[in-house]
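Using this note's numbering, the letters of the sequence shown map in sequence onto residues 34 to 745. Heads up, the beta-carbon is just placed ideally off N, CA and C, and yes, glycines get one too. In this text, all values refer to a predicted model and were calculated from it rather than measured experimentally. One structure below.
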Amino acid sequence: MLTLVTLILILPLAAIAQKKPATLSGRVVDENENPLARVSVTVLGKRNGAHTTDSGTFSMQVPSDKAFALVFSFTGYKSVQRNFYLSENESEYVVVRMERGTGMLDSVVITDQRQRREASLILLNPKNAINIPSPGGGIESLIKVFVGSNNELTSQYSVRGGNYDENLVYVNDFEIFRPYLVRSGQQEGLSFINPELARNVSFYNGGFQAKYGDKMSSVLDIQYKKPKTFGGSAYIGLLEQGLHFEGASKNGKFTFLIGLRNRSNRNLLSSQETKGNYVPSSSDLQAQLTYQINTRNSLELLGNISQTKFTLIPQYSQLTSSVFSPLFSANLGLDIFFEGREEDRYRTNMIGLSWIQQLNKKLRLKWMASRFENDEKESIDIMGAYLFGDRSFDKGKPEFGMITNPLGAGVYQNFARNKLNIGLYNFSHKGSYDQGRHFIQWGQSVERQSITDKLNEWEYQDSAGYNLPYNPSSLELSKVLKAKADIDILRLSGYIQDNILFHDSADFTLQAGIRYNYNDLNKEFLLSPRIGFSWKPSNWKRDIIFRGAAGLYSQPPFYRELRRYDGSINKDLKAQKSWQIVGGLDYNFRSGNRPFRFTAEAYYKNMWDVVPYDIDNVRIRYFGENQAKAYAAGLELRFFGELVKDAESWVSLGFMRTREDLDKDTYYDYTLDANNKPIDSTLKEAGWLRRPSDRLVTFGMFLQDYLATNKN
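In structure tokens:
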């Protein structure tokens, strides 16, 4: 509800009879476009004025046909003065942006410093995800600028030597899961996270606190908006279209937030090496409803319905590789002609209900119940006939672009009929107690996971008329996977942690906690102590904060880890485990009257009971055994700054090395005689090998600019 305050200026009686006031309304926001409430709005030289509402809006009557100035003031922000000249009955709408200044309360400072004081924490502006020029779009595209990615079509990402399955995603404290049968980025649809609905985005790329769940690499924590007034947005693009509505009841007790999206990568996929008919489509509907029962109790409901379909009818593919050497040069080509089609379908349904109790200023309780379901289906039957040889690039000949000297030919066929259904029921409780210098948090979760699948896939290869692998007495397939699974898992987990402030000036902070996890599949009970700290030298003139974190992190097996290469299920598989240590600094400074920030972090992860895996595009296949140990070490450097005012940009540079050592990975090294015949052999171990996620150097850059006359 807008607060309307009418400012009546004392004028001569004759002027009152002749002049009618003008109306000035607008909105006051901070540097991040967030609304500012209770901002004082007064006419310069006058005492009376108005205050902005909770949504940052104001409206007031002002004198007409004369110049006047409005002054906007708010604690912790620099005052703003704007000059106006309005005619009779004229209405004008303005947007006023206020910058932070001196005189801020300590509590505000602590909130603003959270990104700097927690190790490996990156706070992202969801509005940047809407504008980022990326094929995938979304919050994940921003994250990949920091962590690096070699696949722009997928919304998945790997962090500090981990794989796609080692990342936690939360929306309003509900854990979110992705489809599991997806083989390539082109099959993926919309990410669960809708940037138009997001309010806060926190990303931890390691060293996260005990309150977050049981995975080893990262946490993406999303909080959706709680609107105060009615609003919305709509957009139309070549790849994606969407709209959203938000609003609140007159008394502010009921709020709604609804988002609808549709996406098709058809225009993008038409440029792929494999030519054919691509028909991808993905759509989702999300809604968040909140109701304030009274001052101490409120309810929140979050729901999502999503469906992705992918159809491919391939026709042909032409690949060419040129070879140059002092002794030999050739243009080698591969032509493949296809028959058949692929049809995939992925459905996701989620609903979660939260009951929040604010019993007093110090104690807050939250009770949550949710249901999440993934229903996936793959249907593939594609045959390809290929020809390999020298390709002609002589434009003067009729065989230009054709293979003129065949070196090999063959046929292969891929077949799959896979079904997967995953249902999760979760009941959890979270609480917090603010005791001055101590902020204590705890939680308990009970989750039932039900997994049902039926896999039937095989690959046939024929080269020069011979079946591979060759067996004259029978027909053998090169790859076969036939399996069924019906698994129920009960998981229990909980945590308690304390965030401690040692000085009023927050010179030193400490976060210490412990987490436990138990599941009835392998009967494994895990404890994970974790600790983090930050320290700001009080006697230093430069604004530098040192921070670090250390702890144990484990990842109990889920659907993909449990399945061996032959399709069988290993119910005795143990959780993958690691201890991690992170240390770094955060340096704030100004240059050219603009803020800049530099961060540096070094990390080391030691892992055991590791389950090795292979990855093809985005499909991960595990060995299904705890048969390796591994490590990851690296350094990350980031530079944030406003190259233009009010538009933050950043550059990220990372160095990493990750290796694994498999158990019993031995081989024989043979000694040959003059006739190249083995005369002796030595048994050797392969030792430390590169992991599939190893990347020596990663570089990311995000730059923003705008027209001087239009920042949007």
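Contact between A243 and R563 holds: their C-beta atoms lie close to 5 Å from each other, under 8 Å.
Ranked by Cα distance from I346, the options I338, L335, V312, S561 are led by V312. Exclusion of the five residues before and after F263 leaves G280 as the residues of its chain whose Cβ lies within less than 6 Å of its Cβ.
Per the coordinates, the alpha-carbon of I176 lies some 11 Å from the alpha-carbon of S251. Contact annotation: G170 and E229 have beta-carbon atoms that are not nearer than 8 Å. For F179, the uninterrupted alpha helix (DSSP H) run begins and ends at 172-180, by DSSP. By the criterion of at least three beta-carbon pairs nearer than 8 Å, the region 230-237 is not in contact with the region 690-705. With respect to the C-alpha of G109, the residue from K710, T90, E64, L554 having the closest C-alpha is E64. DSSP places K160 within a helical segment (H, G or I) once states are collapsed to three. Burial check for Q468: the Cβ neighbour count within 10 Å stays below 16, so the residue is exposed. The beta carbon of L523 is closer than 7 Å to those of R481, N552, D553 in its chain, skipping five residues each way along the sequence. Here Y586 really is in contact with Q613; their C-beta atoms are around 6 Å apart, less than 8 Å. When the Cα atoms are used, W721 and A665 turn out to be separated by approximately 12 Å. Here the alpha carbon of F107 sits roughly 31 Å from the alpha carbon of F579. Unbroken alpha helix (DSSP H) stretches of 4 residues or longer found wholly inside the region 663-697: none. Within 10 angstroms of the beta-carbon of I455 lie 16 or more other beta-carbons, which makes it buried. Here G59 is near V127, since their CB atoms are less than 8 Å apart.
Look at Y549 here: in three-state DSSP terms it is strand. Under the three-state reduction of DSSP output, D408 falls in the strand class. Exposed is the label assigned to Q348, since fewer than 16 other Cβ atoms lie within 10 Å of its Cβ.
Contact check for L253 against L186 fails: the beta carbons are separated by 8 Å or more.
Contact between E221 and S188 holds, with the beta-carbon distance rounding to 6 Å and staying under 8 Å. Ranking R627, S339, G373, D368 by CA distance to the CA of F405 puts S339 first. Looking only at E490, I269, A152, the smallest Cα-Cα distance to D414 is reached by E490. Fewer than three beta-carbon pairs drawn from the region 147-160 and the region 83-95 are found closer than 8 Å, and the two stretches are therefore not classed as touching. According to the DSSP assignment, L618 belongs to the beta strand (DSSP E) that extends over 609-624. Between the beta-carbon of G565 and that of E151 there is about 7 Å, and that keeps the pair under the 8 Å contact cut. In the DSSP assignment, L290 falls within the unbroken beta strand (DSSP E) covering 287-296. Judged by pairs of C-beta atoms under 8 Å, the region 312-332 does not touch the region 348-368, as fewer than three such pairs exist. In its chain, beyond the 5 residues on either side, P347, S350 have a beta carbon closer than 7 Å to the beta carbon of T307. Taking C-beta separations shorter than 6 Å and ignoring five residues to either side along the sequence, the partners of G417 in its chain run I369, F371, Y445, following chain order. Close CB contacts of S561 within its chain, under the 8 Å cut and outside five residues either way in sequence, are with A243, D247, I547, R548, Y549, N550, G584, L585, Y586, S587 (chain order). Secondary structure of N438 (DSSP, three-state): strand. Counting along the chain, E229 sits inside no alpha helix (DSSP H), nor does DSSP assign it H or E at all. A distance below 8 Å between beta-carbons, with the five flanking residues on each side excluded, links K512 to the following residues of its chain, in chain order: E490, W491, E492. A direct Cα-to-Cα measurement between L457 and M131 gives close to 46 Å.
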